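Participant:
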Amino acid sequence: MINKSGTGLVAFEDASVFIQQRAVRNWYDELMRQMVPVSFDFVQTPAPSEAAFFRNQGIEATTSFERNRKRVETSLIKLVRFVWSHYNLPRRRVVEYGSGATGYFDAVLRPREVQEWLQVETNPLAIAENRRRNPAAQVVEGTYYDIPYRDEELIVGLSSFDTASNLSAAIHQVAGALRPGGYFLHVQDVRPGVHFQREYLKKAGIPLPTKMFEAGKGNPIGYIINGQPSSSTDIFQDAMGAAIHEHHDLELLTNRYHTLVEFQPGDVRQEVYFLNLYLELGLPPNAPQRLRETTMIVTLAQKVDR
Ligand SMILES: C[S@@+](CC[C@H](N)C(=O)[O-])C[C@H]1O[C@@H](n2cnc3c(N)ncnc32)[C@H](O)[C@@H]1O
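Quick note on numbering that gives the first Met the number 0: the sequence shown kicks off at 0 and runs consecutively.
#1: What did DSSP end up calling M211 once you bin it into helix, strand or coil?
#2: Need the endpoints of the beta strand (DSSP E) that Q114 sits in, please.
#3: With H, G and I counted as helix, E and B as strand and the rest as coil, what does DSSP make of R80?
#4: If you run the structure through DSSP and keep just helix, strand and coil, what is T73?
#5: Considering only heavy atoms of ligand 1, does any lie closer than 7 Å to the CB of T380?
#6: By DSSP's criteria, Q227 is part of a beta bridge. Which residues make up the other side?
#7: Let's see if you can read the secondary structure: which residues bound the beta strand (DSSP E) around N55?
#8: Can you give me the C-alpha to C-alpha distance between Y199 and T209, rounded to a whole angstrom?
#9: Take A106 and list the residues in its own chain whose beta-carbon comes closer than 6 Å to its own, dropping the five residues that flank it on each side.
#10: Is it buried or exposed for V113, if we count other Cβ within 10 angstroms and need 16 for buried?
#11: From this set, G7, R54 and F39, which residue's C-alpha is nearest L207's C-alpha?
#12: Does any heavy atom of ligand 1 sit closer than 7 Å to the C-beta of L157?
#13: At which residues does the alpha helix (DSSP H) containing S167 begin and terminate?
#14: Can you tell me whether G5 sits near ligand 1, meaning its C-beta is under 7 Å from at least one heavy atom of the ligand?
#15: Output needed for P110: all residues of its chain with C-beta closer than 6 Å, excluding positions within five of it in sequence on either side, in chain order.
#16: Mind checking who Y256 pairs with in its DSSP beta bridge?
#17: Could you give the DSSP three-state label for I146: helix, strand or coil?
#18: Counting only the same chain and skipping the five closest in sequence on each side, list residues whose C-beta sits under 6 Å from that of R70.
#19: Per the DSSP calculation, H185 is bridged to which residue(s)?
#20: Could you check whether V297 and T258 sit closer than 8 Å to each other, using their CB atoms as the reference points?
#21: Thinking just about the alpha-carbon of each residue, which of Q269, D237, R289 and I220 is nearest to the one in V37?
#22: Mapping DSSP to helix, strand and coil, what is R289?
#23: Of all the options A241, V138 and T293, which has the alpha carbon lying nearest to the alpha carbon of V189?
#24: Tell me which same chain residues have a C-beta within less than 7 Å of the C-beta of A169, skipping the five on either side of it?
#25: On the CB-based measure, 16 or more other CB atoms within 10 Å of its CB, does V266 come out buried or exposed?
#26: Are at least three pairs of beta-carbons, each pair with one atom in the segment 168 to 182 and one in the segment 6 to 19, less than 8 Å apart?
#27: Is it the case that the Cβ atoms of Q187 and L274 are separated by a distance below 8 Å?
#28: If you compare alpha carbons, which of P228, I76 and H85 is closest to V9?
#29: Which term fits Q196, buried or exposed, when burial requires 16 or more other beta carbons within 10 angstroms of its beta carbon?
#30: Count the CB pairs spanning the segment 26 to 36 and the segment 58 to 70 that are closer than 8 Å, and state whether there are at least three.
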């Protein structure tokens with residue numbers, strides 16, 4: 000049952016979806032509890048500029064997500080199908096920003112009844128790889144900092160607006176491109192990037208952290224903020240909410256963790272996919288079936304006539 004704040008539990012097909020303000024179990028928080036934070040300097044825009052960085056990035060920046068996505072692909076597809084049906088989203092004319100090298104949103108996650116999907120991406124190498132993999136897809140070069148389209152029904156991103164250091168400017172462009180009643184949908188299914196975080200923390204008046212929990216060189220999964228571990232997934236969720244609230248012609252409909260819970264035939268174990276973190280955990284021997292929990296952050300806003 001969904002309550003007034005839009006959180007709760009919904010039955011969907013043979014599964015259940017938990018919609019929560021914060022994840023009941025944020026697995027990055029669990030990871031951080033086992034780690035020692037390291038000192039770091041919160042460097043902003045990647046050199047020489049954000050635009051140049053993303054235009055020239057290697058394709059492995061997005062192909063690397065595939066390994067864990069493939070392990071739970073049927074669940075990711077089901078969760079996105081849930082999003083379209085639960086929020087009753089348009090099924091025609093979609094513009095996607097930041098589709099990467101695999102075009103995963105269109106190629107794999109798109110509910111099949113959703114048609115006329117245009118992908119826009121800033122990185123020519125990623126575009127070439129995407130066209131090679133998905134010859135029938137419509138993919139063009141462009142940036143969410145300068146959106147030329149108007150009167151759009153639905154603008155979407157899959158783990159792509161987290162790359163914007165100026166999230167508010169990108170959302171401003173989205174708002175200008177939507178028709179009144181049109182939607183912006185962002186699905187974050189991998190750990191958010193770092194670039195939006197500094198601007199958001201500064202705007203929110205949060206002192207820039209000097210300690211981070213590092214997953215790989217310069218790759219934070221969270222920080223110490225006000226003496227407490229804070230995951231980059233929660234910071235991203237807050238940054239998205241704040242960027243949308245800045246735009247008076249956008250109404251935020253949801254900005255929550257969505258977790259699909261399924262029991263599946265197979266050996267007895269628990270599988271967790273939490274924004275691209277994949278874990279296999281043992282279950283008690285008398286547990287009936289395999290339990291799989293798949294989590295992403297879903298942000299949905301609608302343009303209103305004000
Ligand atoms: C984390 S990747 C996600 C790619 C893909 N959506 C996926 O989930 O596999 C972020 C993508 O956003 C693209 N990107 C970065 N800045 C952009 C901009 N200003 N406009 C459009 N795309 C951008 C990057 O090149 C990259 O392909």
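Backbone N, C-alpha and C fix where the C-beta goes; we use that ideal spot for every residue, glycine too. Owing to the predicted nature of the structure, the values given are computational and were not obtained by experimental measurement.
Facilitator: According to the data block:
#1: The residue you call residue 211 lines up with position 212 of the sequence shown. Of the three classes helix, strand and coil, the one that applies to M211 here is strand, per DSSP.
#2: Taking the sequence shown and counting its residues from 1, one reaches residue 114 at position 115. Counting along the chain, the beta strand (DSSP E) containing Q114 begins and ends at Q114 to E120.
#3: Numbered from its first residue, the sequence shown carries residue 80 at position 81. Note: R80 maps to helix in three-state DSSP.
#4: Counting from one through the sequence shown, the residue named residue 73 turns up at place 74. Looking at T73 - three-state DSSP - the assignment turns out to be helix.
#5: One cannot answer for residue 380 here, as it falls past the ends of the chain, which runs 0 to 305.
#6: The residue given as residue 227 occupies position 228 in the sequence shown. Its beta-bridge partners are I224.
#7: As a first step, residue 55 must be located in the sequence shown, where it is residue number 56. Premise fails: N55 lies in the alpha helix (DSSP H), E49 to N55, not in any beta strand (DSSP E).
#8: Here residue 199 is taken as the residue at index 200 of the sequence shown, counted from 1. Here residue 209 is taken as the residue at index 210 of the sequence shown, counted from 1. Their backbone Cα atoms lie some 16 Å apart in a straight line.
#9: The residue labelled residue 106 in the question sits at position 107 within the sequence shown. So the list reads N133, once near-sequence residues are dropped.
#10: Here residue 113 refers to the residue found at position 114 when the sequence shown is read from its first residue. V113 should be labelled buried.
#11: Numbered from its first residue, the sequence shown carries residue 207 at position 208. The candidate whose alpha carbon is nearest that of L207 is F39.
#12: For the purposes of this step, residue 157 is taken as residue 158 along the sequence shown, with counting starting at 1. At least one heavy atom of ligand 1 is nearer than 7 Å to the Cβ of L157, so yes.
#13: The residue labelled residue 167 in the question sits at position 168 within the sequence shown. L166 to A176 is the span of the alpha helix (DSSP H), which, as asked, contains S167.
#14: Working through the sequence shown from its first residue, we reach residue 5 at position 6. No - ligand 1 has no heavy atom lying nearer than 7 Å to the Cβ of G5.
#15: On the sequence shown, residue 110 is found 111 positions in, with the first residue counted as 1. Within the same chain, P110 has close Cβ partners R80 and W83.
#16: Taking the sequence shown and counting its residues from 1, one reaches residue 256 at position 257. Y256 pairs with Q19 and I296.
#17: Counting from 1 along the sequence shown, the entry for residue 146 is found at position 147. Of the three classes helix, strand and coil, the one that applies to I146 here is coil, per DSSP.
#18: Locating residue 70 in the sequence shown gives position 71, where the first residue counts as 1. Counting only Cβ-Cβ distances below 6 Å, and skipping sequence neighbours, we find Y277.
#19: Along the sequence shown, one-based indexing puts residue 185 at 186. Beta-bridge pairing links H185 to G156 and T298.
#20: Taking the first residue of the sequence shown as 1, we reach residue 258 at position 259. Taking the first residue of the sequence shown as 1, we reach residue 297 at position 298. Contact flag unset, no.
#21: Your numbering for residue 37 matches position 38 in the sequence shown. The shortest Cα separation from V37 among Q269, D237, R289 and I220 belongs to I220.
#22: Position 290 of the sequence shown, counting from 1, holds the residue named residue 289. Three-state DSSP puts R289 in a strand.
#23: Taking the sequence shown and counting its residues from 1, one reaches residue 189 at position 190. Cα-wise, what sits closest to V189 is T293.
#24: For the purposes of this step, residue 169 is taken as the residue at position 170 of the sequence shown. Same-chain partners within the cutoff: Y143, Y144, F160 and A163.
#25: The count along the sequence shown starts at 1 and reaches residue 266 at position 267. Looking at the sequence itself, residue 266 is Asp, so the reference to Val does not match. Result: exposed.
#26: no
#27: The residue you call residue 187 lines up with position 188 of the sequence shown. The residue you call residue 274 lines up with position 275 of the sequence shown. Contact flag set, yes.
#28: For the purposes of this step, residue 9 is taken as residue 10 along the sequence shown, with counting starting at 1. Closest by alpha carbon: H85.
#29: Within the sequence shown, numbered from 1, the residue matching residue 196 stands at position 197. Burial call: buried.
#30: no
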